[in-house]
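Its first residue numbered 1, the sequence shown is counted upward by one per residue in the UniProt record's numbering.
Note that CB positions come from ideal geometry on N, CA and C, so glycine has one too.
Given the structure is predicted, the values throughout are model-derived calculations rather than measurements.
The next block holds one structure in the form of structure tokens; read it before the comments.
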Amino acid sequence: DTSAAQARAGRDVQGIPWDRLQFTREKYRAKRVAEYKNYANLDFDASALDGACARTRACAKRTPFFEFAHNTRAVRSNFVHFQLRNLVWATSKHDAYVMSENKIVHWNASRKRASVVLDLDGGASSAPNAATGATSTHGDFPRIQVSTTCVSKDGVVAAGGFAGELVVLDQRSGRSDAARITSDDNGITNAIEFVGARSGAEILVSSNNDMMTRFYDLSTMRCLGRHKYPWAVNYASTSADGRSTVVVGDSKEAWLVDVATGRRIATMEGHLDFSFAAAWHPNGILFATGNQDTTTKVWDARCLGRGSLLTLRGTMGAIRSLRFTSDGRFLAAAEPADFVHVYDVDAGFEVRQSLDHFGETAGIGFSPDGESLFVGVADLTYGSVLEYSRGR
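In structure tokens, the structure reads:
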């Protein structure tokens, strides 16, 4: 592990022994950026982005938005699907949940302890639940190849699988539910998100490759509704008031949809490839979409006809994950590897801090109070969980 004190004394935050290698950190960084090949599903001219992206400047080094706090290799983050990177969540500034070897592991950052919360490597027990509207298992659930996860601020843990599985564990009550929510052979669960309904109920939203989003009442796991799209749904993010959902998928378009009816409110255009990330600002007005064209677009729900407010470009790869802090001050955008960009919303997204590491990024998660940011690094040697604390 590496502590903040060790990092200040000169130790690499990931423990990489640069003094014993044939190149410096700076030279290897330049090599990585120059040689990285971004994955895209569509052919597009990347030079078209040059004049369309906002110019941003780095925040002052003496006043970073987030400061390195700790790195642990006791928990080794990993992922299975190269396009799905929502495998790190935080329920407090001391509690992170990470997918590691088909298990959801709780990392207690205060006590520096790791414990398995949900083991899906060999099966999970679940009773049939006819209310889900899906085919539930009887007895042991087969091994699930985990594609995505989500953990609510109250500690409800959910995991999605490659065969369209959905597993939910409520740590408060000990109740668990497991079901295959689609019979489609290509029904991989791409994303899961917890939202609050206007009724006060807790809702789980799943996004699947069968072109569907599904809404579940967490108290009963009853399916409240399904919305069909003309393309695979990679992520759906619902506004804080529970009224609208931003849906992105295997399309250059993003849709704003009415949750109650499934009616399309607006179509957002401008991305050049498929999108795998979306996030609402807590004010319910701004939202962001992340795309394989290496950009994040920020939108204003009040004036979507004018296009995006601005376009933010990454360093070398697709934007795979997006998160706003709960106070709306910062937006984090994660690339597939090496870079997580944190933008100052109050400064009009013009000021950023780029957190860099070496390795694939399994996911990112802000704590509910916005005081901590956890980054999962997937690497055979340096796989870990990086922890950053909000600067003062």
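Closest to residue 45 by CA distance: which of 307, 271, 373 and 290 is it? 271
Cβ neighbours of residue 305 in the same chain (closer than 6 Å, five flanking residues each side left out): none
Please tell me whether residue 159 and residue 68 are closer than 8 Å, where the distance is taken between their beta carbons. no
Buried or exposed: where does residue 293 fall if 16 or more other Cβ atoms within 10 Å of its Cβ makes it buried? buried
Using CA atoms only, rank isn't needed, just tell me which of 52, 337, 11 and 380 is closest to residue 362. 337
CB of residue 149 within 8 Å of CB of residue 104, strictly: yes
Identity of the residues DSSP links to residue 162 by a beta bridge: DSSP lists no partner for residue 162.
Which listed residue (19, 327, 376 and 99) has its alpha carbon closest to that of residue 335: 376
Measuring CA to CA, which of 296, 211, 170 and 113 is closest to residue 186? 211
Use the C-beta contact count for residue 252: other C-beta atoms within 10 angstroms, 16 or more gives buried, fewer gives exposed. buried
Apart from the five residues just before and just after residue 295, which ones in its own chain have a Cβ nearer than 6 Å to its Cβ? 311 and 313
With DSSP collapsed to three states, give me the class of residue 177. strand
Unbroken stretches of the beta strand (DSSP E), 3 residues or longer, contained in the segment 227-315: 233-238, 244-249, 254-258, 264-268, 275-280, 286-291, 295-300 and 310-313
Name the one or two DSSP bridge partners that residue 18 has. According to DSSP, which records beta bridges pairwise, residue 18 is partnered with nothing at all.
From residue 170 to residue 321, what does the alpha carbon distance come to, in whole angstroms? 25 Å
For a minimum of 3 consecutive residues, which ranges assigned as the beta strand (DSSP E) are wholly contained in the segment 65-113? 66-72, 88-92, 95-100 and 103-108
Between the segment 258-268 and the segment 231-248, are three or more C-beta pairs nearer than 8 Å? yes
Going by beta carbon distance, what residues of the same chain come within less than 8 Å of residue 351, once the five residues before and after it are set aside? 56, 57, 58, 59, 343 and 344
To which residues does DSSP link residue 214 through a beta bridge? 206 and 226
Considering Cα atoms alone, identify which of 82, 73, 101 and 70 is closest to residue 41. 82
Look at the alpha carbon of residue 2 and the alpha carbon of residue 205, and state the distance between them as a whole number of angstroms. 37 Å
Starting from residue 351 and walking both ways along the beta strand (DSSP E), at which residues does that stretch end? 351-366
Is it true that the CB of residue 151 sits closer than 8 Å to the CB of residue 89? yes
By a C-beta neighbour count over all protein chains shown, 10 Å radius and 16 as the cutoff for buried, is residue 116 buried or exposed? exposed
Taking the beta strand (DSSP E) that residue 323 falls in, what are its first and last residues? 321-324
Can you determine whether any heavy atom of the ligand NAD sits closer than 7 Å to the C-beta of residue 321, and answer yes or no? Among the components of this structure there are no ligands whatsoever, and the ligand NAD is therefore not found.
List the residues that DSSP assigns as beta-bridge partners of residue 192. 206
8 Å Cβ cutoff met for residue 354 and residue 341: yes
Our contact map puts residue 267 next to residue 278 with C-beta atoms below 8 Å; I'd like the distance itself, whole angstroms only. With a Cβ gap of about 14 Å, residue 267 and residue 278 do not count as contacting.
Rounded to whole angstroms, what is the Cα-Cα separation between residue 209 and residue 99? 21 Å
Beta-carbon proximity list for residue 347, same chain, < 8 Å, skipping 5 on both sides: none
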